[in-house]
Amino acid sequence: MASNLKYESQKLGIMYFTVAAVLFGAQLLMGLIAAVQFIYPSFLFELFDFSVARMVHINALVVWMLYAMIGSVYFLLPDETGIETVGIKLGKLGFYVLTAAVTVVVLVYILVQVGPASESTIWLINEGREYLEAPRWADLGITVVVLIFVYNTFATAIKGERTGIMTVIMADLMALAGLYLAGMFFTDNVSVDQFWWWWVIHLWVEATWEVFVGALAAWGLIKMIGARREVVEMWLWIEVAMLFGSGILGLGHHYFWIGTPEYWWEIGALFSALEPVPLVAMFVHVVYDWGKETGAKHAEGQEATQNNSPAFAWFVTNAFGNFLGAGIWGFFHTLPQVNIYTHGTQFTSAHGHLAFFGAYATILIGMFYLGVQGTNGIKAMRSTFASKMALGLITFGVMGMTISLTIAGYGQVLVERAQMGATWEGYFVSQDALWFLQGMAWRLAMGVVTFIGFVYLILDLLTIGKSKIHTR
Ligand code: HEM
Ligand code: HEM
Ligand SMILES: [Fe+2]
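So the sequence shown is numbered by my numbering: it starts at 5 and just counts up by one.
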């Protein structure tokens with residue numbers, strides 16, 4: 005495809021987006037297999053293990069989101085700094101190394117599904133840490149590629165113009181990359197191991213990734229509705245201060261039952277309960293800026309518009325989704341008094357799905373559309389039928405899965421925990437309860453809806469650039 009992009013850095017961004025979209029599809033297929041196995045446990049028996057489907061599902065999730073985030077930085081870097089990315093050749097090499105490593109890791113997961121664990125399997129096959137199962141050799145490779153990426157970003161921002169958005173991204177990348185190291189060493193003590201593992205998992209999604217999304221929302225609003233930089237950057241700084249405040253000690257909500265001292269009950273309860281506050285601020289940020297720009301344009305007698313309707317729709321979905329999935333569904337189970345009943349039930353999975361989707365998948369899909377707009381040199385991009393089907397079906401599907409899982413989790417809380425006292429027997433009784441079974445069936449049905457939406461999304465991303473409805 006002939007590209008209208010001026011900078012190599014933006015083209016590299018598109019390469020990252022492309023792999024991200026492929027991995028997103030792989031994630032959904034694995035989710036569907038796991039969801040079928042919940043209902044028909046003999047499905048693919050001895051061919052494809054549930055544990056592998058589940059593992060690839062959530063690792064592909066983390067990896068596609070990291071790809072899309074790295075791609076977003078390469079894409080916006082020349083725009084913010086006004087120059088080509090420093091060391092872009094090295095950046096491209098990093099992309100190929102990372103993509104080759106990811107391919108090998110996934111192939112090994114699929115070829116070696118079961119077997120004994122030893123020191124060498126940690127190095128070669130699987131580190132055994134949920135969400136971060138990449139073997140040690142891949143960890144080292146990832147670290148090198150991330151160092152290249154951080155070098156590209158820092159060298160470019162130092163040489164070119166340095167905006168507030170860039171300053172936030174630079175600080176955030178340091179924290180994001182640094183935290184990954186906490187998940188790289190192994191201890192035999194499970195409590196200690198979990199303690200550090202949460203530094204990556206929680207401090208990523210509830211601190212560094214959220215700050216990153218704040219920076220993307222700020223940049224996107226400037227691009228799409230011409231929001232005033234002073235206004236969006238002011239919001240961004242407020243969010244950074246609040247997110248780092250509540251997110252860091254909010255870590256305590258994972259330390260209730262893993263063998264850490266009991267003062268984590270109070271710390272976790274208080275600070276994690278405050279976590280929805282910055283999410284409300286991010287929501288207000290998008291809606292307020294939108295209203296402000298619209299009002300200003302109307303006052304000048306112009307029609308207020310945005311220049312990329314599919315991307316803008318996904319950004320708005322992000323503001324709602326982040327607030328609902330992380331803020332509301334997170335708050336539901338964050339107090340130890342509640343969590344003692346809900347811990348590790350399908351309720352957790354309901355929150356996990358809506359939060360990852362609402363806070364990250366949405367805005368990153370919005371970035372894909374900004375990428376397509378740039379590649380095709382479109383001044384004002386309009387939604388097609390497929391754009392609307394993609395947004396509608398994916399959002400409806402994920403909401404549907406979330407509600408099914410919430411109901412299944414509610415059944416578990418009542419039967420397994422409250423009634424049967426969290427016993428081994430209680431676990432199995434609740435797995436056979438009608439509401440649980442129906443919840444699993446509805447989750448599968450809604451998963452299929454999500455997948456159809458995804459097919460529309462890919463069709464749209466591939467063809468929307470050629471449509472005649474846009475202003476060139
Ligand atoms: C976008 C941000 C967020 C994402 C992506 C996210 C995702 C997740 C995921 C995937 C889990 C399950 C982890 C596991 O496998 O054990 C989890 C657990 C949890 N999350 Fe979040 N979360 C986010 C924000 C929040 C917020 C803001 C709160 C509280 C207000 C919260 C409260 C919790 C709690 C209490 C658990 C533990 C559940 C249990 O005990 O089983 N989360 N989160
Ligand atoms: C086709 C649609 C999907 C289906 C059928 C599906 C199905 C599943 C299944 C069966 C599991 C394992 C649950 C368990 O062990 O109890 C799972 C876990 C998970 N999925 Fe999905 N999923 C889908 C889409 C998504 C999407 C779009 C996201 C996020 C953007 C996502 C994020 C997660 C997360 C974070 C977990 C781990 C939850 C936890 O540990 O609590 N999934 N999914
Ligand atoms: Fe957390």
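Glycine residues also receive a C-beta, built at the ideal position from the N, C-alpha and C atoms.
Note that the structure is a prediction, hence the values are computed from the model and not measured.
Count the other CB atoms within 10 Å of the CB of residue i; is the residue buried (16 or more) or exposed (fewer)?
| i | result |
| --- | --- |
| L32 | buried |
| N193 | exposed |
| I226 | buried |
| H61 | buried |
| R447 | buried |
| T550 | Residue coverage of the chain in this structure runs from 5 to 476, which leaves residue 550 outside it and unanswerable. |
| D293 | buried |
| Y71 | buried |
| Y44 | exposed |
For residue i, tell me which candidate among the options has the shortest Cα-Cα distance.
| i | options | result |
| --- | --- | --- |
| K10 | G430, W127, G381 and I114 | G381 |
| F189 | M450, E297, W201 and F372 | W201 |
| W141 | A72, S276 and E123 | E123 |
| V110 | H206, M34 and S387 | M34 |
| V284 | H258, F275, F324 and W318 | F324 |
| I18 | F455, Y364, Q377 and V288 | Q377 |
| I74 | N322, V196, T264 and L368 | L368 |
| N311 | E270, I229 and S353 | I229 |
| V309 | K383, V419 and M371 | One point to set straight first is that residue 309 is Thr, not Val, in the sequence displayed. Of the candidates K383, V419 and M371, the one whose C-alpha sits nearest the C-alpha of T309 is K383. |
| M385 | G370, F47, F79 and G256 | G370 |
| A359 | F336, Q341 and L374 | F336 |
| K392 | V40, V112, A175 and F458 | F458 |
Could you tell me the distance, in whole angstroms, from the CA atom of residue i to the CA atom of residue j?
| i | j | result |
| --- | --- | --- |
| M402 | L36 | The sequence shown places Val at residue 402, rather than the Met named in the question. Cα to Cα, V402 sits roughly 13 Å from L36. |
| F21 | L65 | 14 Å |
| K93 | K15 | 12 Å |
| T338 | G272 | 8 Å |
| V67 | W268 | 30 Å |
| V236 | S313 | 20 Å |
| G356 | G329 | 8 Å |
| F153 | G95 | 6 Å |
| T107 | I114 | 11 Å |
| F389 | E137 | 39 Å |
| A38 | A186 | 29 Å |
| N63 | G305 | 50 Å |
| T427 | G29 | 38 Å |
| I262 | P82 | 45 Å |
| E165 | E84 | 7 Å |
| H347 | A412 | 13 Å |
| G132 | Q198 | 12 Å |
| T191 | G86 | 46 Å |
| L395 | L461 | 8 Å |
| V215 | L278 | 16 Å |
| I407 | N8 | 43 Å |
| S195 | L466 | 47 Å |
Is any heavy atom in ligand 2 found nearer than 7 Å to the beta carbon of residue i?
| i | result |
| --- | --- |
| V209 | no |
| H357 | yes |
| T352 | yes |
| R58 | yes |
| V402 | yes |
| G35 | yes |
Just to confirm, does residue i get its C-beta within under 7 Å of one of the non-hydrogen atoms of ligand 3?
| i | result |
| --- | --- |
| H289 | no |
| G381 | no |
| H206 | yes |
| H337 | no |
Can you determine whether any heavy atom of ligand 1 sits closer than 7 Å to the C-beta of residue i, and answer yes or no?
| i | result |
| --- | --- |
| H61 | no |
| A285 | no |
| F54 | no |
| R360 | According to the sequence displayed, residue 360 carries Phe and not Arg. Under cutoff, so the answer is yes. |
My assumption, with CB atoms under 8 Å, is that residue i sits in contact with residue j. Please give the rounded CB distance.
| i | j | result |
| --- | --- | --- |
| V209 | Y184 | That pair is no contact at about 13 Å. |
Comparing the C-beta of residue i with each C-beta of chain B, is any distance below 8 Å?
| i | result |
| --- | --- |
| A175 | Absent here is chain B; the protein component of the structure consists of one chain. |
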